Structures are given as structure tokens and as C-alpha cells.
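For the record, the sequence lines run as chains P and D.
For what it's worth, the working numbering labels the leading residue of the first sequence as 39, then goes sequentially.
For what it's worth, the working numbering labels the leading residue of the second sequence as 80, then goes sequentially.
Glycine is no exception: its CB is placed at the ideal position from the N, C-alpha and C atoms.
Computed from a prediction, not measured in an experiment: that's the story for all the values here.
Each remark here refers to the structure printed beneath this line.
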Amino acid sequence: MERYLRVLSIFWRTTFAAEMEYRLNFVVSTLSSLGQLVGNLFGLFLFYRTGYTFAGWDWEQALIVLGIFTLFQGFSSTFLSPNLNQIVKHIQQGTLDFVLLKPISSQFWLSTYTLSPWGIPNLIFGAILIGYAGGRLGLGVSNYLFSLIPLFFGFVILYSLWFMLGAMSIWFVKIYNVTEVLRGLLEAGRFPMAAYPVAYRFFFTFVIPVAFLTTVPAEALLGRTELIWTLGAGILALALFLASRAFWQFALRFYTSASS
Amino acid sequence: MNHSINQVFRTARVLISVSYAYMVEYRAELFLWALSGSLPFILMGVWMEAAQGKQFGLGPLDFARYFLAAFITRQFTIVWVIWDFEKEVLSGQLSNRLLQPIDPVWRHLAGHFSERFARLPFAAGLVGLFFLLYPQSFWIPSLTTALLFLLVVVLAFILRFLIQYTLAMLAFWTERASALEEFWFLFYLFLSGLIAPLEVFPPEVRAVALWTPFPYLVHFPASLLAGLPVDLGRGVLMMLGWSLLFFGLNRWLWRKGLREYSGMGA
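Here you go:
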């Protein structure tokens, strides 16, 4: 465990040092995150400006969902896409061999090797949005702390799904853009589930568990969560995480190593 | 004269059939790209649910058809030329292209054109599946509407291609021209009518948006196909106007940029 933490700190220190060479990129990504935020707010405003509300969600409460959605966008562009989208490259070029040779879990190596600070503006804007809406709603510290639990489960769920899709490139090298499909579907998380028709809600809860990413943590933050949903999120997170590990071990059996 | 026209047709046929063969090789990828354009379907759900209350002036069925039409429009107008062009400039491959007696843009255009046909079966399949799941929304546009839509969607593709190819020209000066495209895409996303038809925008925003090129890339063709009222004359004129503007800008930047181009790495 301690070894893993040490490796992690080395990985991230070097990445930061490298990325700091490209400070202009950071400005560009801050600008585009800001644009994205304004656009997202506009998209939500279109619903609320006529007096329509998503059933059971005021404007501020819907803002919290949007804030959590923005956090997830930041999380995936900081941690997930820079690492997991590389898996296919390692497989194509045969460099996965070197990863497998290291005396450390290959899944850990592939998932944490690098990180991209370009997602950080989104993390900050998401936090600001949540803080603003939470302040308007008068939420207490305990609400924030309690919502961290389902939020963490949400991160694990998203990571595990993403990793499994990335690992599929061991069989199908050409489907490197399969994660784009997942990303497209995650867009559904910008609205609370109550905004969708029943069929959509079913799909986004049981098929692609978007509901557990944004709606469940938002409910927890608002202090109206039902225990069963948090419990469900925890079980799902654990199951998917174990599945991703098992799936990786299974997939590696089919790895034939290109060009070496 | 006759000879040179034949030559043009032959070149076009070769370029298109080569890139079609290339695209068909990547069927699985194409299928996933078609699937990843699921945003209109997601927003369709939210808007249909919202339209139950009748505050928005459009009914659930209007929204369903509008967003389906927006999905179809997007399948026809997807453009990625900036990433290819940027790569060619940065890696110096453009030098090889410049040696050929044909403007490099035709190669890109042929690639985009033939990809439409390779993509068509998947898009048609998804539309079929949609009608199967939600048969009430089924409609057949009249022949005139269908033909007009075809014309408008081709114009929309040309406009989008011209804008992106113009931004791509900046690759001669900067290494991250595609970052500009990503920024431009934000405006496209929120003003083109992809997230909501312009009918539900606040009137002031709508009035401003209608002077920009964005609504003509999605909202205008999609409304036409879905049978919502459109101002056909204004729409087509705006598209032609913006296309001309970007065409001029593009050729000017192309000439300037070539002088800037050092062909590094080649």
C-alpha cells in the first residue's frame, strides 16, 4: 500500500512538472470550461424561465445537480481520459509489455500513470456552483460531508465502467472511441432523473447508471436521500470495481503483444 | 474542354471510391461515432417530459420529431477536417500533398463525402429503431420537404466545413488550432439548436442567434424536416452569405499561410 502511494506521488509530480511547461493550455482550458458552464446554465435556464420546474427540483436544487455534473466532467478529464484512453495505444504498439513487467498492479499503473490539469477548472467551477446553490439553500456542513460518500461511489462507478470499456480494446483495437459513447450518455447526468420520462429513468438507473453519478449525490447533499439509494450506489460501486479487476485479468489472457 | 471535364470526374471518382473503401474498413468505429451522437435523444426525453405542461408552445410530439431531425442533420454534417489538417501541417505531410497537382482540400472533402455513405446504414438503423420504440412519432415528410431538406443539409455541411477549414488554416501559425475549434464548438453546441429548438429561447437571445451562422447548421434543417415553421428564404440567404464570407477568408488565409509554412519534419 505504502509503495503504491509513493509511486503515485512520483507519477503525479512528474506529470505536473511536464504540464506546467504548457501554461497557455491551462488558460485555454479555463476559458472553455467557463464557456461550458455558461452554456450549461443557459440550457437549464431554458426550462425554468417559463415557470416550469422538474418535479421536486427548484432552480437551486437543479443547480446542485449541474454542479455535481461539472465535477464529474472535471474528474473524467483530469483522471480518466488521459489514462484510460491510452490503453488502446499501449496495446496497438505493444508497449503494454513493459507495463506488465513492472512489479506493480498493471491496472493501477494504467489508471494512474498520468493526469491532466486541464480538467481542474471544471472541478473548481463545479465546486463554486455547488457552494453557491448550497449557500442559497442554507445547507450545513454535515450535508456536504454526507454527500461525499455517494460522490465517491459515483467516481468509482464511472472509473470502473470506463476502465472496462478501455480494456475491451485488447480484442477490438479499432473501437478506441467506445468511451465516447459512454461520455455521450453521461451527458444525461446534467439533469436530475425526475426530469426524464419513466423509460429514460429506467435506462439511466439500471442500464447506464447515470442516476448514481449525479442525482443520488445531489439528493444526499440536499439531505433527503433514502438509505436504500446510497446503499445501492455502494453495492454497485463495489461490484463494478471488482468486475473491472476480474475483467482485466480475463482480458490479459487474450493479449498477444504486438510487434515484439 | 470535354477532356478536362472528364478528367475532373475521373479524379473525383477515384478520390471518393478510395476514401469510401478506407471508411468501410472502419465500420465498428463509424457505428460507435453514430452512437456517440446521443445528445439529441437525451434532450428529447427532458423536453418531452417538460412539454406535458404546455408552457413551451411546442407539444411532446414536436419535440420528438425536432430532436430526431436534429440527430439526422448532425449525422450528415459532422466535420473533422481540422484535426487531419493540423496533423498534416505539424508533421510536415502537407508538403507531399502540395506536390500533387490538386488542392489538398479535395482530398479532405472526398473523405467527408464518402464517410456520409458509410455512416448512412447505421444512422438509418438507429432512426428505424427509434420509430419502433416510439411509433406515435412516425411521420413521412412530403417530397418537396424531403428535397428541400436535402438541399439545406448539403448547404449546412458546406458551411460547417468551410468554417472549420478556415479555423484549420490557423494551424500555420499556432500549434493548437484544434483548441480554437473546441472553443467554437461550445457556441455551436448551445446556439445551434442542438440542446433545444430556438423556439424556446428567450426572444432576445433568439434574435441575436439568428444573425450568427450557428442556427443554420442544426436548427434550420431540423425544423424544416420536422415540419416546424421556417423562413426558407432568409435561412438559405444567411447560409450562402456566411459560406461566401468564410470561403473568402479561407482562401486568403490559405495563401498567407502557405508562405508561413516551413514544412518541418518533412
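Quick one: list the residues of chain D neighbouring residue i, beta-carbon separation under 8 Å, in chain order.
i: residue 56 of chain P; result: Within 8 Å Cβ-Cβ: nothing; residue 56 of chain P doesn't reach chain D, min ~16 Å.
i: residue 81 of chain P; result: 269, 274, 275
Please confirm whether residue i and residue j have their CB atoms less than 8 Å apart.
i: residue 192 of chain P; j: residue 250 of chain P; result: yes
i: residue 196 of chain D; j: residue 250 of chain D; result: no
i: residue 181 of chain D; j: residue 245 of chain D; result: no
i: residue 149 of chain P; j: residue 201 of chain P; result: yes
i: residue 151 of chain P; j: residue 49 of chain P; result: yes
i: residue 230 of chain P; j: residue 253 of chain P; result: yes
i: residue 207 of chain P; j: residue 156 of chain P; result: no
i: residue 180 of chain P; j: residue 278 of chain P; result: no
i: residue 203 of chain P; j: residue 220 of chain P; result: yes
i: residue 142 of chain P; j: residue 205 of chain P; result: no
i: residue 41 of chain P; j: residue 145 of chain P; result: no
i: residue 164 of chain P; j: residue 261 of chain P; result: no
i: residue 262 of chain D; j: residue 73 of chain P; result: yes
i: residue 183 of chain D; j: residue 199 of chain D; result: no
i: residue 271 of chain D; j: residue 293 of chain D; result: yes
i: residue 111 of chain P; j: residue 160 of chain P; result: yes
Is there a C-beta anywhere in chain P that falls below 8 Å from the one on residue i?
i: residue 242 of chain D; result: no
i: residue 107 of chain D; result: yes
i: residue 116 of chain D; result: yes
i: residue 125 of chain D; result: yes
i: residue 111 of chain D; result: yes
i: residue 99 of chain D; result: no
i: residue 345 of chain D; result: Note that residue 345 of chain D scores a pLDDT of 49, beneath 50, so its modelled location is shaky and nothing firm can be said.
Do you know whose CA, among the options, lies nearest residue i's CA?
i: residue 119 of chain P; options: P:196, P:264, P:240, P:254; result: P:196
i: residue 132 of chain D; options: P:284, P:233, P:252; result: P:233
i: residue 296 of chain D; options: D:158, D:183, D:206; result: D:158
i: residue 168 of chain P; options: P:142, P:216, P:98; result: P:98
i: residue 236 of chain D; options: D:247, D:212, D:322; result: D:322
i: residue 71 of chain P; options: P:166, P:146, P:54; result: P:166
i: residue 267 of chain P; options: P:89, P:248, P:282, P:161; result: P:248
i: residue 336 of chain D; options: D:286, D:278, D:248, D:319; result: D:248
Output yes if chain D places a C-beta closer than 8 Å to the C-beta of residue i; else output no.
i: residue 69 of chain P; result: yes
i: residue 88 of chain P; result: yes
i: residue 66 of chain P; result: yes
i: residue 74 of chain P; result: yes
i: residue 219 of chain P; result: yes
i: residue 235 of chain P; result: yes
i: residue 84 of chain P; result: yes
i: residue 298 of chain P; result: In this predicted model, residue 298 of chain P has a pLDDT of only 48, less than 50, meaning its place in the structure is not dependable enough to derive any value.
i: residue 77 of chain P; result: yes
i: residue 111 of chain P; result: no
i: residue 229 of chain P; result: yes
i: residue 222 of chain P; result: yes
i: residue 238 of chain P; result: yes
Under 7 Å Cβ-Cβ, which residues of chain P neighbour residue i?
i: residue 121 of chain D; result: 225, 226
i: residue 254 of chain D; result: Those do not exist, as residue 254 of chain D stays about 10 Å from chain P at its closest Cβ, beyond 7 Å.
i: residue 281 of chain D; result: 87
i: residue 128 of chain D; result: 233, 234, 235
Closer than 7 Å by beta-carbon distance: list the chain D residues that pair up with residue i, in chain order.
i: residue 130 of chain P; result: What residue 130 of chain P touches in chain D: nothing, since even the nearest Cβ is about 14 Å away.
In chain P, which residues lie with their C-beta within 9 Å of the C-beta of residue i?
i: residue 210 of chain D; result: Correct list: empty, because the minimum Cβ distance to chain P is about 15 Å.
i: residue 134 of chain D; result: 88, 89, 90
i: residue 234 of chain D; result: Neighbours of residue 234 of chain D on chain P: none; closest Cβ ~25 Å, over 9 Å.
Please list the partners that residue i has in chain D, where partner means a Cβ-to-Cβ separation under 9 Å.
i: residue 285 of chain P; result: Under the 9 Å cutoff, chain D gives no residues; its nearest Cβ is about 19 Å from residue 285 of chain P.
i: residue 182 of chain P; result: In chain order: nothing, as chain D lies at least about 27 Å away.
Positions along the segment 257 to 279 of chain D whose CB lies within less than 7 Å of some CB in chain P: So the close ones are 258, 261, 262, 265, 268, 269, 274, 275, 279.
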